[in-house]
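A short write-up of the structure that comes next.
Number of protein chains: 2
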Amino acid sequence: MNEFELIRTCFASQPVSRPDVRVGIGDDAAVFRVPGGMETAITSDVLVAGVHFFADADPVSIGHKSLAVNLSDLAAMGAEPAWFLLDLTMPSVDVPWVQRFAEGAFGVARRFNVQLIGGDMSRGPLAIGITAIGLVPEGGAILRSDARPGDQIYVTGDLGDAALSLMQHRGELKLSVAESAAITDRLARPMPRVDESLALRGIASSAIDLSDGLLADLGHVLEASAVGARLELARVPLSSVYRARLAEIGWEGAIANGDDYELCFTVPPERIPDLERMAAERRFVITRIGEITEDRELDVRDPAGKPYRPRALGHDHFAPA
Amino acid sequence: MNEFELIRTCFASQPVSRPDVRVGIGDDAAVFRVPGGMETAITSDVLVAGVHFFADADPVSIGHKSLAVNLSDLAAMGAEPAWFLLDLTMPSVDVPWVQRFAEGAFGVARRFNVQLIGGDMSRGPLAIGITAIGLVPEGGAILRSDARPGDQIYVTGDLGDAALSLMQHRGELKLSVAESAAITDRLARPMPRVDESLALRGIASSAIDLSDGLLADLGHVLEASAVGARLELARVPLSSVYRARLAEIGWEGAIANGDDYELCFTVPPERIPDLERMAAERRFVITRIGEITEDRELDVRDPAGKPYRPRALGHDHFAPA
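The following block contains the structure:
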């Protein structure tokens, strides 16, 4: 089976067909229409076997996560996802694997109405490259650079369960079957905060998604905005599974590990009533964890109010394994 | 050095800065503006060390080719390139390599006014993924599916020199220093036919770029358009280097090997005067090589007018090495 037949077999019957796609899969490039008043947001990420996922992991999860992490980047801009391209390299054609991979990616695509419009397949070490494209109102993208002193810092959901799941995979942590079931999808199948992101347009002053860990990612916002922050560890939202292990494993999993794919965003004081109303109406789980400050440093306080010195500052993609 | 510093060092001072880029490198996603009346064309390709290029090849050439092959895909749609994303995976941080890679990519970017707006860097086997984005007038993309019986088939430039260069690399062919110098860039640093492509808007009925070989790529056009073609080998344009070796190596290098990155396009009879005028004015090298037919087959004729049976039908990305 050659690559063209493989593409047809596994990706032909995708779940989403958008009217704004002029040319989809099958030509030299895809062509789409951007409505007036909108700008185009675009991001790409590569997931490499043995680096970003276990080579023997469930292909459905790999497909899910590959698309989800890119939609998470769009969510961090307040962009509504619309289209994606998939570049798949693999050592040899493995149709059942690709079919299950497609099942995972298309599950996320269906959920967020995102259409696969192109890409490339090639022989090589197992790796997945996805480019996700979305729409954002003209001038309305939520940037890293617009946090201001006095803005309140929030995160969506709970932090740290992806780290728990990774520790379990590595044999560093024993979880009960129930605990394991409660958190396993947080690492393997994160769900990007697209709906929250769109509701934050006009409310959030800045945003980033938590892929490298709260301290590192918030650090990017502080650097881009030329501000600092005070972060209260006691406010960081943890799942009941994590909280039960907190004394044993410490805060690092929640603040210095990647892969949570929650949003961290800042809100000016005058927009907080809008935020609270919106979150209540939409039943979004958000938690205030600190405040933007003028001093250009990240002041992390432990539950006793004392300065907390983190052990690690996040994920470096080129650090030794 | 971590990935963020590497990105800053090697990609910070890029040569192109476009006014339509709202958010460039450094946020979760890039944001650009599409002018009214235009649609967006997008394509991505991955180049894997040991598969698409020799791992020890000159990084300037690898950078050049990585961007060039993607711009070639946009050219095949009649799209004007504007922006690109770069995903680079490498086993460890090699700053001199990345700097030279960037030099090659930015040389092509400068030539075609294309701005790097994002991407990703990660640890993994050496591979380059590029997503190129361009603009095409509403409804004006040149597709593979619009060739009609009676349309004349053309190609730009000469075909086969990339194959000669590859044969030389493999030790299958000895070339003189002068011959080698004349063709070496055709494999290592192909130049996408962007200018030709834009001039073909409104003239060409269909187009494809020659990445897999003329027979295979023309075959894609015939399949998408539900037509056939008669191809005259005697008309296929060859460089003087290739022509001097023709008796020795045969036609395959020119018609069944990839990597030429010329355009193959079709033109309805009534547009041929426009084509000839444009090509003469712009000094574009184009050659008529055959005609689209109703019968859904590819009828290749040798210089004696007899049916020619090709030995291979192009490049299969999953064929054994």
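Each protein sequence line maps, in turn, to chains A and B. Letter by letter, the first sequence follows residues 11 to 331 of the numbering used here. Letter by letter, the second sequence follows residues 11 to 331 of the numbering used here. Don't be surprised by glycine CBs; every beta carbon is placed ideally from N, CA and C.
### Simplified DSSP assignment, three categories, for residue 307 of chain B
coil
### Query
What residue from A:99, A:97, A:80, A:249 has the CA that sits closest to residue 90 of chain A's CA?
A:80
### Query
residue 261 of chain A by DSSP, collapsed to three states: which one?
coil
### Buried or exposed by the 16-neighbour rule on C-beta atoms within 10 Å, applied to residue 283 of chain B
exposed
### Query
Using the beta-carbon of each residue, which ones in chain B are nearer than 8 Å to residue 135 of chain A?
58, 134, 135, 137
#### Entry: chain A within 8 Å of residue 18 of chain B, Cβ atoms only
no
### Task
Report yes or no: is there a C-beta of chain B within less than 8 Å of the C-beta of residue 333 of chain A?
Because residue 333 of chain A is not part of the residues shown, which for chain A are 11 to 331, the question remains open.
### Task
Rank A:152, A:240, A:144, A:78 by C-alpha distance to the C-alpha of residue 304 of chain A and give the top, closest one.
A:240
#### Entry: Residue range of the unbroken alpha helix (DSSP H) whose run includes residue 106 of chain B
105 to 122
#### Entry: Short-range partners of chain B found in the segment 80 to 97 of chain A, where Cβ spacing is below 7 Å
83, 84, 86, 87, 89, 95, 97
### Query
Rounded to a whole number of angstroms, what is the C-alpha to C-alpha distance between residue 2 of chain B and residue 246 of chain B?
As displayed, chain B neither begins before 11 nor continues past 331, which places residue 2 of chain B out of reach and without an answer.
#### Entry: Per-residue contacts from residue 43 of chain B into chain A (C-beta, under 8 Å)
49, 50, 148
### Query
Given residue 97 of chain A, which residues of its chain have a CB within under 6 Å of its CB, disregarding the five upstream and five downstream residues?
129, 130, 139
### Task
Mind listing the chain A neighbours of residue 118 of chain B? Cutoff is C-beta to C-beta under 8 Å, in chain order.
Those within 8 Å of residue 118 of chain B in chain A number zero; the least Cβ separation is about 17 Å.
### Message
Less than 7 Å between C-beta atoms, sequence neighbours within five positions excluded: which residues of the same chain meet that for residue 277 of chain A?
### Response
161, 162, 164, 213, 214, 215, 285
### Task
In the DSSP assignment, find the beta strand (DSSP E) that holds residue 142 of chain B and state where it starts and stops.
137 to 147
### Query
For residue 39 of chain B, which of helix, strand or coil comes out of DSSP?
coil
### Message
Quick check: what's the CA-CA separation for residue 36 of chain A versus residue 260 of chain A?
### Response
50 Å
### Query
By how many angstroms is the C-alpha of residue 132 of chain A removed from the C-alpha of residue 56 of chain B?
8 Å
### Query
In three-state terms, what does DSSP make of residue 287 of chain A?
helix
### Query
Can you find a CB in chain B that lies within less than 8 Å of the CB of residue 153 of chain A?
yes
### Query
Closest Cβ-Cβ distance between residue 268 of chain A and chain B: below 8 Å?
no
### Query
If you compare alpha carbons, which of A:235, A:169, A:252 is closest to residue 298 of chain A?
A:169
### Query
Between the Cα of residue 173 of chain B and the Cα atoms of B:149, B:218, B:222, which residue gives the shortest distance?
B:222
### Query
Going along the chain, which unbroken runs of the alpha helix (DSSP H) with 4 or more residues stay wholly within the segment 235 to 281 of chain B?
250 to 259, 262 to 265
### Query
Who are the near neighbours of residue 330 of chain B in its chain, counting only those whose CB is closer than 8 Å to its CB and skipping five residues on each side?
Legend: pLDDT at residue 330 of chain B = 45, less than 50; position of this residue unreliable, value from coordinates given subsequently. Excluding positions up to five away in sequence, the list is empty.
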